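Take a look at the structure set out below.
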Amino acid sequence: MDILGQIKKIARSSKYQVLYSQSKEMTGLRIFKNEYDFTFLQLFFLNWLSTYSTLYQDLAMGEEYISEEVIRDNLRTEAYLLYKKKKREKENKKNSYEQNKEEKKNKGKPSMPGVKFY
Amino acid sequence: MNKKQEKAKVGENKIKEFMREGLDYLDNMLSQPEAENMIKDNKLEFPYKGKNYRIRKPNIEEQRTLAKKSREKYTELVKDESYMFEKQWLELLKKKGIDIEEMKKEAQQINHEITPLLLKMAKTKDKKALDKLKESINNKRDKQAEIHSEIFRHLEFSIESQVKIQETAYMAYQVTEVMNIDKAWVPVFESYEDYDACDDMVLLNLIHYFLNLIIYKQEE
Chain F
1 MDILGQIKKI
11 ARSSKYQVLY
21 SQSKEMTGLR
31 IFKNEYDFTF
41 LQLFFLNWLS
51 TYSTLYQDLA
61 MGEEYISEEV
71 IRDNLRTEAY
81 LLYKKKKREK
91 ENKKNSYEQN
101 KEEKKNKGKP
111 SMPGVKFY
Chain H
119 MNKKQEKAKV
129 GENKIKEFMR
139 EGLDYLDNML
149 SQPEAENMIK
159 DNKLEFPYKG
169 KNYRIRKPNI
179 EEQRTLAKKS
189 REKYTELVKD
199 ESYMFEKQWL
209 ELLKKKGIDI
219 EEMKKEAQQI
229 NHEITPLLLK
239 MAKTKDKKAL
249 DKLKESINNK
259 RDKQAEIHSE
269 IFRHLEFSIE
279 SQVKIQETAY
289 MAYQVTEVMN
299 IDKAWVPVFE
309 SYEDYDACDD
319 MVLLNLIHYF
329 LNLIIYKQEE
């Protein structure tokens with residue numbers, strides 16, 4: 001028995017993925033009876049609804065290492081999310097380094113190219 | 119160990135028996151449709167021995183009462199010389215050869231061991247390799263859970279733990295309701311003493327199980 005596993009299964013189901021994507025277009029759509037004061041379970045569900053939506057988008061875009069099999073497997077999903085996070089961190093670090101390099105290169109130079117200061 | 123601590127120490131086998139009964143009950147109950155019902159509302163209903171119970175979130179007044187009761191409990195325990203703060207327990211246990219800080223570091227280290235396994239798993243498609251990685255990760259997580267369980271057992275009687283335990287128990291008394299013959303929801307327990315005196319361990323386990331699914335715990 002694993003209630004959180006069951007909730008993840010519900011969050012990735014086509015029924016709730018369609019509801020989630022349609023709720024952005026149709027403001028009247030509601031998943032919960034309550035409009036506020038959400039439970040831990042409801043917040044957990046919402047978090048995974050959004051996460052699986054992103055995963056299905058990755059799948060549709062042909063991203064590496066994602067498949068239906070991965071999405072259906074909780075541990076493999078966790079592994080993929082970690083890989084994605086590390087990949088993003090690496091890219092941000094690389095972009096930050098290149099930005100710094102560019103700034104150092106342009107240090108002291110006028111900020112308006114083509115304008116000469118006498 | 120004083121009387122309250124003794125009372126809290128119900129026979130370990132008895133607790134395991136009740137937990138097994140509770141888990142079997144949940145296994146039968148928590149199919150996907152049931153799980154789906156549990157997210158639709160901020161109240162969780164469950165049947166037990168022919169009656170319908172429900173756990174809801176505490177209202178503002180109940181939250182204020184709960185905060186007051188927690189303060190009172192905290193004051194009571196601080197004044198009681200047989201109770202110690204967690205920090206004092208850590209020092210005492212260390213003298214007896216049980217280093218809780220080291221155990222916490224060991225548990226944290228397991229996370230560092232699991233990360234590369236997960237990253238390897240993300241890029242693996244071979245079923246045999248995946249099964250091996252899963253087994254390795256699950257074994258490490260079981261070990262981690264064992265360490266956390268042991269830490270909890272050692273610090274269970276600290277003032278901080280006892281206040282949390284009492285807080286949860288008091289909240290359970292406040293928010294547990296049963297449907298009466300008029301189809302109205304009424305409190306199960308007339309008073310906190312009534313809750314404390316309840317000897318139906320399966321029911322209490324179910325109440326606490328569902329209460330944990332309702333209350334969003336802030337990260338410490």
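Sequences listed follow chains F and H, in order.
Our numbering numbers the first residue of the first sequence as 1 and each following residue consecutively.
Our numbering numbers the first residue of the second sequence as 119 and each following residue consecutively.
C-beta atoms are modelled at their ideal positions from N, C-alpha and C, and glycine is treated no differently.
Since this is a predicted model, take the numbers as computed values, not measurements.
Quick check on DSSP: helix, strand or coil for residue i?
i	result
LEU29/F	coil
PHE164/H	strand
TYR192/H	helix
ILE277/H	helix
TYR334/H	coil
LYS24/F	helix
THR183/H	helix
LYS241/H	coil
ASP319/H	Note that residue 319/H is Met in the sequence shown, not Asp. Correct three-state label for MET319/H: helix.
TYR327/H	helix
PHE203/H	coil
THR122/F	Outside the shown range of chain F (1 to 118) lies residue 122/F, about which nothing can therefore be said.
ASN34/F	coil
ARG76/F	helix
TYR65/F	coil
ASP198/H	coil
THR88/F	Inspection of the sequence shows that residue 88/F is occupied by Arg rather than by Thr. Three-state result, ARG88/F: helix.
Using a Cβ cut-off of 8 Å (strictly closer), state whether residue i contacts chain H.
i	result
LEU55/F	no
ARG76/F	yes
PRO51/F	Checking the sequence, you will find Thr at residue 51/F rather than Pro. Closer than 8 Å: no.
TYR65/F	yes
TYR83/F	yes
ASP37/F	yes
GLN22/F	no
GLN42/F	yes
LYS90/F	no
GLN17/F	no
ILE71/F	no
ALA60/F	no
Based on the DSSP secondary-structure assignment, which residues constitute the bridge partners of residue i?
i	result
ARG172/H	GLU163/H and GLU295/H
TRP303/H	MET297/H
Once you ignore the five residues that flank residue i on each side, which residues in its own chain have a CB closer than 8 Å to its CB?
i	result
ILE3/F	LEU41
ASN170/H	GLU163, PHE164, VAL296 and MET297
Examine chain F for any beta-carbon lying closer than 8 Å to the beta-carbon of residue i, and answer yes or no.
i	result
GLU154/H	yes
LYS205/H	no
ALA290/H	no
GLU337/H	Confidence at GLU337/H is low in this model, with a pLDDT of 46, below 50, so its placement is unreliable and no value can be given for it.
TYR334/H	yes
ASP159/H	yes
To which residues of the same chain is residue i closer than 7 Å at the C-beta, ignoring the five residues directly before and after it?
i	result
LYS167/H	none
LEU235/H	LEU251, SER254 and ILE255
MET289/H	PRO176, LEU184 and LEU329
SER23/F	LEU29
For residue i, I'd like the list of residues in its chain whose CB is within less than 6 Å of its CB, leaving aside the five on either flank, ordered along the chain.
i	result
LYS161/H	ARG172 and ARG174
GLN292/H	PRO176 and GLU180
GLN262/H	ALA225 and ILE228
Using a C-beta to C-beta distance shorter than 8 Å, which residues of chain C count as neighbours of residue i?
i	result
ASN47/F	In the structure shown, chain C cannot be found, because the protein chains are F and H.
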